[in-house]
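Presented below is the structure to which this report refers.
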Amino acid sequence: MATDPEKTPTVDEPKTADQIFILSGQSNMSGRGGVTGHGPHKKWDAIVPLECRPDPQILRFTAHLHWERAHEPLHRDIDSKKTCGVGPGMAFARAVRAHDPKCTGPLGLVPCAVGGTAIREWARGSHLYENMVRRARESVRGGGRIQGLIWYQGESDSYTREDAEGYKGKMEELVKNVRADLGLPLLPIIQVAIVSGGDAAYVETVREAQLGMRVENAVCVDAKGLDLKKDNLHLTTEAQVKLGAMLAEAYVKNFLILLPDALIRGSWRC
Numbered sequence: 050m051a052t053d054p055e056k057t058p059t060v061d062e063p064k065t066a067d068q069i070f071i072l073s074g075q076s077n078m079s080g081r082g083g084v085t086g087h088g089p090h091k092k093w094d095a096i097v098p099l100e101c102r103p104d105p106q107i108l109r110f111t112a113h114l115h116w117e118r119a120h121e122p123l124h125r126d127i128d129s130k131k132t133c134g135v136g137p138g139m140a141f142a143r144a145v146r147a148h149d150p151k152c153t154g155p156l157g158l159v160p161c162a163v164g165g166t167a168i169r170e171w172a173r174g175s176h177l178y179e180n181m182v183r184r185a186r187e188s189v190r191g192g193g194r195i196q197g198l199i200w201y202q203g204e205s206d207s208y209t210r211e212d213a214e215g216y217k218g219k220m221e222e223l224v225k226n227v228r229a230d231l232g233l234p235l236l237p238i239i240q241v242a243i244v245s246g247g248d249a250a251y252v253e254t255v256r257e258a259q260l261g262m263r264v265e266n267a268v269c270v271d272a273k274g275l276d277l278k279k280d281n282l283h284l285t286t287e288a289q290v291k292l293g294a295m296l297a298e299a300y301v302k303n304f305l306i307l308l309p310d311a312l313i314r315g316s317w318r319c
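Every position in the sequence shown, counted from 1, becomes a number in our numbering once 49 is added.
Below you can see the structure in the form of structure tokens.
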């Protein structure tokens, strides 16, 4: 592990992204890796793994709708009422750039996740949904193309039977609406199957919905087996790094369909 140095923007850094990915969901997407303490005393330890260090070719779309060099925590001004730490986004971006020979230009991340949110709060017309769509649309104004939506959410829906059993239908509706509103009918979707809901009783019901969703151009990455923090809810920093690599592997192997296996560079091991 290495501590992340302060980013040092230079005049020749890219001002917009070529390949753009939306990061959305709740707290395990916005990142709690390295966050310690309780309540108002939570703080991030500021330890950034090498797999998540800044890269001039990886950009972040800020809350003020402009591109900057990405660095952890990616969601610091989006999930701003919570203490954010390391999530899967940077590890994902670096792994995609490492393994996809077609990814030669700047890669952009559009953070949209907000901790503690249930799927019903992401329905079309809600503030969360409309803000995600607005940010996605604004991200391509300078050029570039949205390559996928990475979604990690569901813990908040695992506390009641009603929410858990309704999850699959609401998620399918979300995918349909996002694709329609962005004008991308086959937008790749990578969903993460949750590990835990803390003390929630219906985690397996939500997981079954996520793993069993059959939507064209959508895949699910199972986070089960990744290490959790002591709260039995949030992924550790090391687990987030592993998840980022898993998401990148899912993207390259499922959506870069014209890419021969022989051209995929290197190993996916973290």
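Think of the CB as a built atom: it goes at the ideal place given N, C-alpha and C, for glycine as much as any other residue.
All figures in this text were calculated on a predicted structure; none of them were measured in a lab.
Residues near residue i by beta carbon distance below 8 Å, same chain, minus five either side
i	result
E100	M139, A140, R143, A144, V290, G293, A294, C319
D230	R173, V182
N180	C161
For residue i, the three-state DSSP class (helix, strand or coil)
i	result
T111	coil
V290	helix
P89	helix
S73	strand
G82	strand
C264	As written in the sequence, residue 264 is Val, which differs from the Cys given in the question. V264 falls in the coil class under three-state DSSP.
Q68	strand
I301	A small fix is needed here, since residue 301 is Val in this sequence, not Ile. V301 falls in the helix class under three-state DSSP.
V189	coil
L235	coil
Nearest candidate by alpha-carbon position, reference residue i, set the options
i	options	result
V264	Y300, P237, L233, P63	P237
V268	V224, C133, A147, S79	V224
L260	I239, P103, R146	I239
H87	K279, L296, V244	K279
H90	A119, I199, C133	C133
Q106	L156, G193, G164	L156
D248	G232, D271, D206, V241	D206
L198	H120, M78, K64	M78
A242	L72, P122, D212, E253	E253
K217	V255, I96, T286	V255
L114	A167, E187, K64, E121	E187
Bounding residues of the alpha helix (DSSP H) (the contiguous stretch that carries residue i)
i	result
Q240	Not the alpha helix (DSSP H): Q240 falls in the beta strand (DSSP E), residues 238-242.
Y208	No alpha helix (DSSP H) holds Y208; DSSP gives it neither H nor E.
D230	216-231
L277	Here L277 belongs to no alpha helix (DSSP H), and DSSP marks it neither H nor E.
Bounding residues of the beta strand (DSSP E) (the contiguous stretch that carries residue i)
i	result
E117	116-118
A267	267-271
Y201	194-201
Closer than 7 Å: residue i CB and nearest the ligand COA heavy atom
i	result
P237	This structure lacks the ligand COA, and indeed carries no ligand of any kind.
Same chain, Cβ closer than 7 Å to residue i, five either side skipped, listed in chain order
i	result
L275	V244, L284, A288, K291, L292
T57	With a pLDDT of only 47 at T57, under 50, the local geometry of the prediction cannot be trusted, and the value read off the model is given with reservation. Excluding residues within five positions, none has a Cβ falling inside 7 Å.
Segments assigned alpha helix (DSSP H), at least 4 residues, entirely inside the stretch 121-163: Counting whole runs of 4 or more residues, the stretch 121-163 contains the alpha helix (DSSP H) stretches 138-148.
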